[in-house]
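Shown next, in structure tokens, is the structure this report addresses.
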Amino acid sequence: MNNGPLDGVIITEFTSAWAGPYATLLLAFLGAQVIKVESQKRLDHSRKLSFSTGKIFKGEDRSSVFNNLNLNKHGVRLNLSKPKAIEIAKKLVSKSDAVMENMRPGVMQRLGLGYEALYQVKPDIIYLSSSACGQKGPDNKYVGYAPTFASLGGASFITGYEDWPPSNFTGSIDLRSGATAASAILAALLYHQQTGEGQYIDMASQETIAVLIGEILLDYVMNNKIRMRKGNRDDFMAPHNCYKCCGDDKWISIAVATDSEWHSLCRVMEKPELAECDKFSDVFSRFKNQKEIDEIIGNWTINYDYYELTEKLQKEHVAATPSLSSKGLFNDPHINSRNVYDQVEHPFIGKDWVLTPPWKFSDTPAKIRRHAPLFGEHNEFIFCGLLDMTKDEIKELEKEQVIY
Amino acid sequence: MQNKNVKKSKTLGGIKVIEYCQMVSGPFCGKQLADMGATVIKIEPPDLGDAARKIGPFPEDIPNAEKSGLFIYLNSNKFGITLDLCKPEGVKIFKKLVMEADILIEDRSPGDMEKKGIDYKELKTINPRLIHASITNFGNSGHYKDYKAYQLNIAHVSGQGYLLPMPSPHLDRPPVKPGGNISDYDSGLVGFLAVLAALYRMRISGKGQFIDLSRQEALMSMQRVESVTYANDNFIVSRKGRIRPMPGGIMQCKDGHVVSIAPQEHQWEALMKLMGNPEWSKKDWCRDLQTRAENAQELTKLISAWMKNHTKEEIFRKGQALSCPISPLQTTEDVMNSRQLNETGFFVETDHPKAGKLKMPFVPYRFSKTPCKLERSAPLLGEHNKKVFCDDLGYNGKELVKLRQSGII
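Quick mapping for you: the protein sequence lines, in order, are chains Z and E. One rule links them: number in this note's numbering = place in the first sequence (from 1) + 4. One rule links them: number in this note's numbering = place in the second sequence (from 1) + 803.
Here's what the structure looks like:
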């Protein structure tokens, strides 16, 4: 019993990198038991390398990236190129409610772990495949990572400065795909709860991104208009930008929607004459003359600390916030009062900072219960405990490089 | 009997949702529920409606509250009613709706629901099974609880902006928010997960609960890895670009841009093969990830020079045929015309009574047993007042007229 909303649900995952592991991490936060299947043959690269800091980790058990994306899970090692490992994987599935995989389309079928095969083992299994472009269609075999999902989904092209190439994205694209996968599995679990039936879900990462720009796609449908990049700018609001403050790469975001917000901003800037100025007197004129406004505000913010200004502006009900880096977030008083960061004790890394689950439930909290599994940490716990194998069998299978 | 059939064909059939939200985050949460078959009743303020109705795109750029592309996209498959929750009679009707509901999603400022007498403490006494999701900018507690913020501000205070654009040419240019309304959608996605999980639990325990969802935290959760680099490694990831550069990234080609990423050896070999294995690729500097990282800038220049002579379509097709993770930077036009997206059923056509027929993106997953379906176009303002107030709640025609005249609906 862990009192999470999904307490009692068992999920087996055959995923690696960021998107797949994040999907099941969310479900593990919610109380599901997640069994991660890995092997030396197909080592998850996030055990070896951090794409965000460039750090290379020694061994398999020192990656804080892997820890952050695989908390609460159980980990077993199975070399899926061996028939015996496939049999064991099937036994795991027979005990599971849901399966998730993010291999290239066709690979799971070739391994004998496709939906049809697992349906034979457990007819009510929920099975989600996450891939770059989907399991069907002319591009189904196409490969990709977050940058290609973002570009195919249309998000990259509309992000960035007007006068500069489109923007790449970091891991957030993977995590958006992962969160979407988790929601689809959850919905299927709800359907199973009522009908006892499982099903197959084909999810395409490029589509998980494209749905986030639906109205921008409709601008093309309605008006043949191709949306370009526009930095921080809005369609109506002005000022609506980020302004440099004093200090190293410190910026404040300020957005003004109404006349009264504009007047407040002028007051805080101690430039009451601007509030009277015809050039900026209404939404349209402010929008038209926003370049000039940006310059005025930028010349003012540069002399101040971004927190000091935020507080001053908020006091007058002007929407303003600092643009926070990982350092800014970590030290932010509000973030801290909401317990967004937590430290997890890891046997090799030591105390490792991670983010807590992004929701606060009043009755059945989502929780961090343990560090990510060491490589093969739960071989015995799962194979003996869940599948009734003996320790001798495990030893034998290790020798045969089935458990590998 | 019929009810059972509904449940059989829809993932979330039979689930009743009240959505008291505007703009993007809450409505996107409700949209996902509706597209999976839940019955979502959207409450809009009389006369004004959801603020999204004022935001485009509009056909021919002519503003019209019944033709907003943003509203139509986010509210298809929902039922729409008008109700003034600033009036006691409106609150009374709201409570009747909540009594029958499984889920309430609202995006009011902290304290506002309490002021109206419809906070969770009150609502759970009339419906203990209710799941009440509150979406606010900074959550229902803490220093910034009452801070004012628009999407721009949340995008920046969550750390999303600080990492964009990637890379930025000079650090004296500001960080930017993700394009469009992506940040607001993030909150809707994170909230969707929470209500589904709470519903799963409610069906077992019979107990509902309150979910406090902060947009700041929802957006931050998407940078789960980048957000801890300072705490763990004293390292700040910024829009300067990757610390361990790989040759490639976003590059200009003949007719636009492409993006290439090749962290694995066979992928790098595929990229070189695409380019006809140039002489420079056989030299020592291309030996492994390490040497390529050391020479990333020079190598990217050489790759870019080749890309400039080829079209994005050619690079995409030929590259992918070699298993090279490479793709064009698709414009909205490219996305709408993508052969893959068109052939796999990503788009649906809505037939909207005012805006006409529109091709729209739909859902990113195909459920084998309970496929999502577009069943109705986005509601006109108050379109389902009669259905909900008369058919569901039992008001008669006379009473409905009275409610309308007194401005309650």
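Using N, Cα and C, we set each Cβ at its ideal position, and we do this for glycine too. Being a predicted model, the structure only gives us computed values, none of them experimental.
Z:D356 reaches chain E at N1035, counting residues in chain order whose Cβ is nearer than 7 Å.
The beta-carbon distance between E:P1128 and Z:T152, rounded to whole angstroms, is 6 Å. This is short enough to meet the 8 Å contact definition.
Judged by beta-carbon spacing, E:T1153 lies beyond the 8 Å limit of E:M1139, meaning their Cβ atoms are not closer than that value. E:R932 is outside the set of residues whose beta carbon lies under 8 Å from a beta carbon in chain Z. In the structure shown, Z:L53 falls within a strand segment according to DSSP collapsed to helix, strand and coil. Per DSSP, E:F1170 lies in no alpha helix (DSSP H) segment; the continuous beta strand (DSSP E) that holds it begins and ends at Y1168 to F1170. Looking only at Z:T28, Z:N144 and Z:T368, the smallest Cα-Cα distance to E:Q1143 is reached by Z:N144.
Taking a beta-carbon distance threshold of 8 Å, E:Q1133 counts as an interface residue toward chain Z. Nearest Cα to Z:I407 within the set Z:V287, Z:A93 and Z:L75: Z:A93.
No Cβ of chain Z is located within less than 8 Å of the beta carbon of E:E1186.
As the crow flies, the alpha-carbon of Z:R290 is around 16 Å from that of Z:V322. Taking E:G859 as reference, the option from Z:Y119, Z:D223 and Z:A214 with the minimal CA-CA separation is Z:D223.
Between the region 266-279 of chain Z and the region 886-902 of chain E there are fewer than three C-beta pairs closer than 8 Å, too few to call the two in contact.
The three-state reading of DSSP puts E:H1187 in coil, since its state is none of H, G, I, E or B. Sequence-distant partners of Z:F352 (beyond 5 residues in either direction) whose C-beta falls short of 6 Å from its own C-beta, in its chain, are D65 and R66. In the three-state scheme derived from DSSP, where H, G and I count as helix and E and B as strand, Z:W363 is classed as coil.
According to DSSP, Z:L117 shares a beta bridge with no other residue. With the rule of 3 Cβ pairs closer than 8 Å, the region 95-104 of chain Z counts as touching the region 15-29 of chain Z.
By the C-beta density criterion, Z:C250 is exposed, having fewer than 16 other C-beta atoms within 10 angstroms.
Between Z:Q197 and Z:A242, the C-beta gap is not smaller than 8 Å, which leaves the two residues out of contact.
Residues of chain Z with a Cβ closer than 8 Å to the Cβ of E:Q825 do not exist; the shortest Cβ-Cβ separation is about 14 Å. Per DSSP, the beta bridge partners of E:C1056 are E:G1059.
In this chain, the alpha helix (DSSP H) harbouring E:W1071 covers E1068 to L1077.
Among the CB atoms of chain Z, one or more fall inside 8 Å of the CB of E:T1147. Listed along the chain, the chain E residues whose CB falls inside 7 Å of the CB of Z:N245 are P977.
Across the structure, Z:I306 and Z:K248 are spaced so that their CA atoms are roughly 5 Å apart. The residues L84, in chain order, have a CB closer than 6 Å to that of Z:L115 in the same chain once the five nearest residues on each side in sequence are set aside. With contact defined as three or more Cβ pairs closer than 8 Å, the region 129-137 of chain Z and the region 925-943 of chain E are not in contact. Not a single C-beta of chain E is nearer than 8 Å to the C-beta of Z:D101.
If you draw a 10 Å sphere on the C-beta of Z:N74, you find 16 or more other C-beta atoms in it, and that means buried. Of the other Cβ atoms in all chains shown, fewer than 16 fall within 10 Å of the Cβ of E:M902; this residue is therefore exposed. Look at Z:M226 here: in three-state DSSP terms it is helix. DSSP, read as helix, strand or coil, puts E:M1139 in helix.
Annotated three-state conformation of Z:A102 is strand, per DSSP.
Counting along the chain, E:F1013 sits inside the beta strand (DSSP E) bounded by residues Q1012 to S1017. For E:R1090, the closest alpha carbon among the candidates E:M1078, E:Q1067, E:A904 and E:L1077 is that of E:Q1067.
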